[in-house]
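Peer 1:
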Amino acid sequence: MILEQPFVQSFIQMGTDGYDLGWHERNGGNLSYRLKPSEVEAVKLELNRNNPWTPIGVQVENLGGEHFLVTGSGRFFRHLSDRPLESLGLIELDETGRNYRIVYGFENGGKPTSELPSHLMNHAVKVAINPDYRIIYHAHTTNLIALTFVLPLQDEVFTRELWEMATECPVVFPEGVGVIGWMVPGSIEIAYATSNKMKDYDLAIWAHHGTFAAGKDFDTTFGLMHTAEKAAEILVKVLSMSPAKAQTIQPQDFRDVADAFGVTLDERFLYTK
Ligand code: 2HA
Ligand code: ZN
């Protein structure tokens, strides 16, 4: 049974955890997972290869032939666990990376997330950097969204402000965070802009909308989103109490953390305020 496979169970658990944290109101957010060859092998007899090919809208050549577990367009994370066959499905890409077809799930007329171009372009960028990347996660992270109304939409500012909010942040996301200005969701343009940020970061914030996280396994990808959103929550609280911090973590403190934890922090985030 496909639904009993550990990767499907972890996918449902991750989405449910995000729902429980308030990041997936209504049909908000989407999740995709690139299957390992052994996982495709384990489910192949249950796949239906008769559905028509559909254009993705972008070409992701290096993902040709890959299989992805994806949340459904218009479907609710709320129902991932009680209605999985409607809420998620498996797709296969053709060898050109231009088309996909549904091979499992999306029952009752469903189809993959409206953000499929962004998901696949992000996967394409990440696989080119490191083939161990498997997950792209989009969530409507309340506090990160709130910050996009008050902070300048610059990678340097968001990275530095989030890092200052929790000592573990520069260790969890040492490469920083990308931010893009408001764009139409589901569009090819936002897919290009997001995947461009994914060349440098594992986190990309969409102004006034939400966050994308990329990762190698369910726990660390979820943990990355959670850590950044928690830092944003602290910053929202700090800014709500006072426009100025009485004290904070300083650039040299970050360099000391980097030394202690063996991570590299780009000096462009350690500017003098
Ligand atoms: O799936 O989150 O960005 C709904 C969305 C679109
Ligand atoms: Zn969204």
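Oh and the sequence shown: position 246 is 248 in my numbering, straight run, nothing missing. We put the beta carbon where it would ideally sit given N, CA and C, even for glycine.
(1) Apart from the five residues on each side of it in sequence, which residues of its chain come closer than 7 Å, Cβ to Cβ, to E166?
(2) What residue range is occupied by the uninterrupted beta strand (DSSP E) comprising L90?
(3) Going by the beta-carbon positions, is the gap between N145 and V45 smaller than 7 Å?
(4) Mark L47 as exposed unless 16 or more other C-beta atoms lie within 10 angstroms of its C-beta, in which case mark it buried.
(5) Would you mind giving the Cβ-Cβ distance between L92 and L65, rounded to the nearest angstrom? I have them listed as a contact below 8 Å.
(6) Would you mind giving the Cβ-Cβ distance between A233 and A168, rounded to the nearest angstrom? I have them listed as a contact below 8 Å.
(7) What span of residues does the beta strand (DSSP E) with A209 cover, start to end?
(8) So, is W55 buried or exposed, given that buried needs 16 or more other C-beta atoms within 10 angstroms?
(9) Taking the alpha helix (DSSP H) that H228 falls in, what are its first and last residues?
(10) Would DSSP call F70 helix, strand or coil?
(11) Quick check: the Cα distance between G59 and I190, rounded to an integer number of angstroms?
(12) Strictly by DSSP, which residues pair up with N101?
(13) Would T196 and S75 qualify as a contact pair, given that the criterion is a beta-carbon distance under 7 Å?
(14) Between R136 and F224, what straight-line distance do the alpha-carbon atoms span, to the nearest angstrom?
(15) Let me know if F151 comes out buried or exposed under the rule of 16 or more other beta-carbons within 10 Å of its beta-carbon.
(16) Looking at the unbroken alpha helix (DSSP H) that takes in R162, where does it start and where does it end?
(17) Do V181 and D157 count as a contact pair if the criterion is CB distance below 7 Å?
(18) Okay, do the segment 3-15 and the segment 197-216 touch, 3+ Cβ pairs below 8 Å being the bar?
(19) Determine, using beta carbons only, whether N53 and I104 come nearer to each other than 7 Å.
(20) With a CB to CB cut of under 7 Å and the five nearest residues on each side skipped, what residues in its chain are close to S244?
(21) By Cβ distance below 6 Å, which residues in the same chain neighbour Q15 in space, the five residues on each side in sequence not counted?
(22) How about E97 and G67: do their beta carbons lie closer than 7 Å?
(23) Whose C-beta lies closer than 7 Å to the C-beta of D134 among residues of the same chain, with five residues either side of it excluded?
(24) Between G212 and the ligand ZN, is the CB less than 6 Å from at least one heavy atom?
Peer 2: This is what the structure gives:
(1) For E166, where only same-chain residues beyond five positions count, the Cβ hits under 7 Å are T250 and I251.
(2) L90 to L95
(3) no
(4) Counting other Cβ atoms within 10 Å of its Cβ, L47 stays below 16 and is therefore classed as exposed.
(5) About 14 Å separates the two Cβ atoms, so there is no contact after all.
(6) Yes, they are in contact, since the Cβ atoms of A233 and A168 sit about 5 Å apart, within 8 Å.
(7) Where A209 is concerned, there is no enclosing beta strand (DSSP E), given that its DSSP letter is neither H nor E.
(8) exposed
(9) For H228, the uninterrupted alpha helix (DSSP H) segment begins and ends at F220 to M243.
(10) strand
(11) 7 Å
(12) According to DSSP, which records beta bridges pairwise, N101 is partnered with P57.
(13) Going by beta carbons, T196 and S75 fall outside the 7 Å limit.
(14) 12 Å
(15) exposed
(16) D157 to M167
(17) yes
(18) No: the two stretches stay apart, fewer than three of their Cβ pairs being nearer than 8 Å.
(19) yes
(20) none
(21) none
(22) yes
(23) K218
(24) yes
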